[in-house]
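Visitor: Next up is a structure, given as structure tokens.
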Amino acid sequence: MDLKELADLIFPDVKEISYYESKYPERNLPEGAIVTRFAPSPTGFVHVGGIMQCVINRQLTNQTNGVLLLRIEDTDQKREIENGISQIVNSVHDFGIDFDEGMINETEEKGNYGPYKQSSRGEIYRAYAKYLIEKGRAYPCFATPEELEEMRQKQESLKIRTGYYGIWAKYRNLPIENAIEKIKNGEPYIVRFKSMGREDRKIRHHDVIKGNIDFPENDQDIVIIKADGLPTYHFAHAVDDHLMRVTHVIRSDEWVSSIPLHLELFQTLGFKTPKYCHYAPILKEEDGKKRKISKRKDPEAAVSYYHEEGIPAAAVCEYLMNIGNSNFESWRRANPDKPMSEFKFELSKMSTSGAIFDTVKLLDVSKNIISKYTAEKIYTDSLEWAKRYDAELQEMLERDKDYAIKVFGIERGNVKPRKDIAKWSDIKNSILYMFDDKFEENNEEYEFQKITDKDEIKTILKEYLEKYYNPEDDKQAWFDKIKDLAESLEYAREVKEYKANPESFKGHVGDISTVLRVALTKRANTPDLYEIMQIIGKDRMEKRFAKFN
RNA sequence: GGCCCCUUGGUCAAGCGGUUAAGACGCAGCCCUCUCAAGGCUGAGUGAUGGGUUCGAUUCCCGUAGGGGUCACCA
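Residue numbering for the first sequence follows the numbering used here, starting at 64 and increasing by one per position.
In structure tokens, the structure reads:
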């Protein structure tokens, strides 16, 4: 009766691990290339934290000519959802990120280090589990869940550490022949790792982001193969990241406490440990306290939020990059036109404490990005958004493409482009008055600011159209004429002039142009009035002004 | 509770023993040949707390408090 026999009994038909070691050889990549992975469970949409991880992973692998792979961690089949994998691939793709290797939909994958779905890797995990049993570093455990629960309660009442370790590891030293007998009798069991660690010994680990961390050694005999035959996260992590030749494990810091375990697992399996990079998750403030941003409670955690609001994916990526490496912001200032991919991301510059997600700042980033777009791109992107979320806007944009592009071209395409759009859901309201039917439907009152006398307004509008407005004028001539009109009606040509002697005038040019602006748009604030008049044209201006006759 | 991590303005943060403690967002004010958006300038606002070490601590050490993570046959 020896370990080999026990191992053969538990895992009769598996390959030697040497088979897998040679099947998945070291990757032939340039010095310093980072191989990393995004490894979600297919339990629903990716959330911002996941996107942030992908943005960072993509940046790092691109800048080192490395590999980014998508591995699906579906070892908990209770939690799976329909089309979970496609949803992940698509939502990440929407942010401009694609994977070099891994799953591409529910069933297909690409790359030479697969399968990339853990539920398809059963025989691999079993091979390594068998190897551990043969080495005497794993063993079958027959404890029932009830037994385990009872043990935990006992430990709690004794105020000692909970878990399956030391004297509490009931089946750790079960004689092999007893184990074999129990298995032959059909008693249910799972496979546990046999830890050689001691809680009273310290280890120091260097995390790429967090720096040195000291922990007690792991001494828990954790489960490596569950009753369903699938591995636990910890075991799959070691086997997969080794076999996929992952160099950097970049994951949220909820995993730091598992580092001692993972280190022992890698060492016992004879694997080279990857570099660990634990980053702090994105937080949300609530009632003065910080907590991890949550898909259920926080709309901005779900990627669908950004689509619905019409915030460009590029803006979200840049904002997340900024959370990752705060020096990105100054790089972006210095390099306004370079693609984000040229920024050199550094893991060691990531913050060790979590950042609260700042939607206001995101909108500022977005505003800057959109300000660099051409009118055509704004047209295309906002139309695409409108098709999904705003039928009215879609109709407005589609009925005359050239006209819509002209509207988006107001104060755009010059050195100092207009910066007033932060998201596509903003634009309908800001261009409504450029469309006659929408302008007519608008029931708001005309809010003339300073000049409210009806006859005065009538005079201004009438005189302006009859004597002053000429569509051929350039902007300077156009403005000079408004000044001429102002002067003729006893308003100051210049605001300063008026301010110096307010009693000598009825008002100033600004008051006159406000009347024109409000009569034309029902808005007191609009972009450049000259351009608006150019686009609307004299005929339509006459119609709008005619209301005051 | 044990173990581990974190703590600079409202938010993101730079700094790595000597600084008037950067910068960005936000906020307030002023300026910019018409209103906005933008831009420019100015301003308010910061190292949780108590001890050390040191000529000198935001920076190093210890304690305290607060916050977070983790202690599953979930990842």
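Cβ coordinates follow ideal geometry from the N, Cα and C atoms, glycine included.
Please read these numbers as outputs of a predicted model, since none were measured by experiment.
Can you find a heavy atom of the ligand MN that lies under 7 Å from the Cβ of S220?
Guide: Among the components modelled here there is no ligand, and therefore nothing to report on the ligand MN.
Visitor: What residue does the alpha helix (DSSP H) around E212 start on, and which one ends it?
Guide: From DSSP, the alpha helix (DSSP H) with E212 extends over P208 to S220.
Visitor: Quick check on this structure: which residue in I239, K338 and E474 has the alpha carbon closest to the alpha carbon of V319?
Guide: Out of I239, K338 and E474, K338 has the C-alpha closest to the C-alpha of V319.
Visitor: Tell me which residues share the same chain as W541 and place their Cβ nearer than 6 Å to its Cβ, disregarding the 5 neighbours each side in the sequence.
Guide: So the qualifying residues of the chain are Y593.
Visitor: Can you give me the C-alpha to C-alpha distance between L579 and D427, rounded to a whole angstrom?
Guide: About 31 Å.
Visitor: With DSSP run on the structure shown, which of helix, strand or coil describes P323?
Guide: Here P323 sits in helix by DSSP.
Visitor: Once the 5 residues before and after A378 are set aside, which same chain residues still bring their CB inside 6 Å of it?
Guide: Cβ neighbours of A378 beyond the five flanking positions: V428, S429 and I432.
Visitor: Measuring alpha carbon to alpha carbon, tell me which of K569, E550 and V111 ends up nearest K513.
Guide: Checked all of K569, E550 and V111; the closest Cα to K513 is K569.
Visitor: As an exercise, report each continuous alpha helix (DSSP H) stretch of at least 4 residues that is fully enclosed by the segment 269 to 339, in chain order.
Guide: If we require 4 residues or more, the alpha helix (DSSP H) runs fully inside the segment 269 to 339 come out as 296 to 306 and 322 to 332.
Visitor: Where does F471 fall in DSSP's three states?
Guide: Residue state, collapsed to three classes: helix.
Visitor: Can you tell me where the alpha helix (DSSP H) with G147 in it begins and where it stops?
Guide: Its alpha helix (DSSP H) spans residues G147 to H156.
Visitor: Given that a residue counts as buried once 16 or more other Cβ atoms are within 10 Å of its Cβ, and exposed if not, what is I160?
Guide: Counting Cβ neighbours within 10 Å, I160 comes out buried, since at least 16 surround it.
Visitor: For G113 and P105, which I take to be in contact (beta-carbon distance under 8 Å), what is that distance rounded to the nearest angstrom?
Guide: Not quite, the Cβ-Cβ distance comes to about 12 Å (not below 8 Å), so this is no contact.
Visitor: Once the 5 residues before and after M403 are set aside, which same chain residues still bring their CB inside 7 Å of it?
Guide: Contacts found: C380, E381 and M384.
Visitor: Would Y531 pass as a contact of L548 if the rule is Cβ separation under 8 Å?
Guide: Yes, Cβ-Cβ distance for Y531 and L548 is below 8 Å.
Visitor: Got a sec? Which residues, its chain only, sit under 7 Å from E348 by beta carbon, not counting five neighbours each side?
Guide: I419.
Visitor: Does the segment 472 to 489 come into contact with the segment 594 to 602, if we say contact requires no fewer than three beta-carbon pairs (one atom in each stretch) closer than 8 Å?
Guide: Touching, per the Cβ criterion.
Visitor: So, does the segment 107 to 127 touch the segment 145 to 156, judging by three or more C-beta pairs under 8 Å?
Guide: Yes, the segment 107 to 127 is in contact with the segment 145 to 156.
Visitor: When you compare only the Cα positions, how much space is there between T99 and V581?
Guide: Roughly 58 Å separates the two Cα atoms.
Visitor: On a Cα-Cα basis, can you pick out the residue from P251, M259 and K335 that is closest to G199?
Guide: For the residues P251, M259 and K335, the minimum Cα distance to G199 belongs to M259.
Visitor: If you reduce the DSSP assignment to three classes, tell me which class G165 lands in.
Guide: In this structure, G165 counts as strand in the three-state DSSP scheme.
Visitor: With contact counted as at least three CB pairs below 8 Å, one residue from each stretch, are the segment 188 to 206 and the segment 73 to 88 in contact?
Guide: The segment 188 to 206 is in contact with the segment 73 to 88.
Visitor: Who are the near neighbours of E392 in its chain, counting only those whose CB is closer than 6 Å to its CB and skipping five residues on each side?
Guide: So the qualifying residues of the chain are N385.
Visitor: Specify, as a first and last residue, the run of the beta strand (DSSP E) that I545 falls within.
Guide: I545 -> not in any beta strand (DSSP E); alpha helix (DSSP H) instead, spanning K538 to S551.
Visitor: Looking only at its chain, what residues have a beta carbon closer than 6 Å to the beta carbon of I374, apart from the 5 residues adjacent to it on each side?
Guide: Contacts found: S429 and K486.
Visitor: Which of the three DSSP states, helix, strand or coil, is assigned to V109?
Guide: Correct three-state label for V109: coil.
Visitor: Indicate whether the contact test is met: 3 or more Cβ pairs, each with one atom in the segment 174 to 182 and one in the segment 120 to 138, closer than 8 Å.
Guide: With a cut-off of 8 Å, the segment 120 to 138 and the segment 174 to 182 count as touching, because enough Cβ pairs lie within range.
Visitor: Of the residues Y452, D453, A454 and K464, which one's Cα is nearest the Cα of T443?
Guide: Closest by alpha carbon: K464.
Visitor: Tell me which same chain residues have a C-beta within less than 6 Å of the C-beta of M307, skipping the five on either side of it?
Guide: Taken in chain order, the residues that qualify are Y176.
Visitor: Nearest-angstrom Cα distance between I468 and P590?
Guide: Whole-angstrom Cα-Cα distance: 15 Å.
Visitor: Answer with buried or exposed for N120, where buried requires no fewer than 16 other C-beta atoms within 10 angstroms of its C-beta.
Guide: Buried, because 16 or more other Cβ atoms sit within 10 Å of the Cβ of N120.
Visitor: Could you tell me which of R556, S567, N564 and E560 sits nearest to S576, measuring between CA atoms?
Guide: When each option's Cα is compared against that of S576, the closest is R556.
Visitor: May I ask you to verify whether the segment 281 to 300 touches the segment 224 to 236, counting CB pairs closer than 8 Å and requiring at least 3?
Guide: Yes: at least three Cβ pairs fall under 8 Å.
Visitor: Mind checking which residues open and close the beta strand (DSSP E) that includes I253?
Guide: Unbroken beta strand (DSSP E) run through I253: I253 to F256.
Visitor: Taking only three categories from DSSP, how would you classify Y227?
Guide: Reduced to three states, the DSSP call for Y227 is coil.
Visitor: Is the separation between the beta-carbon of I345 and that of G292 shorter than 8 Å?
Guide: No.
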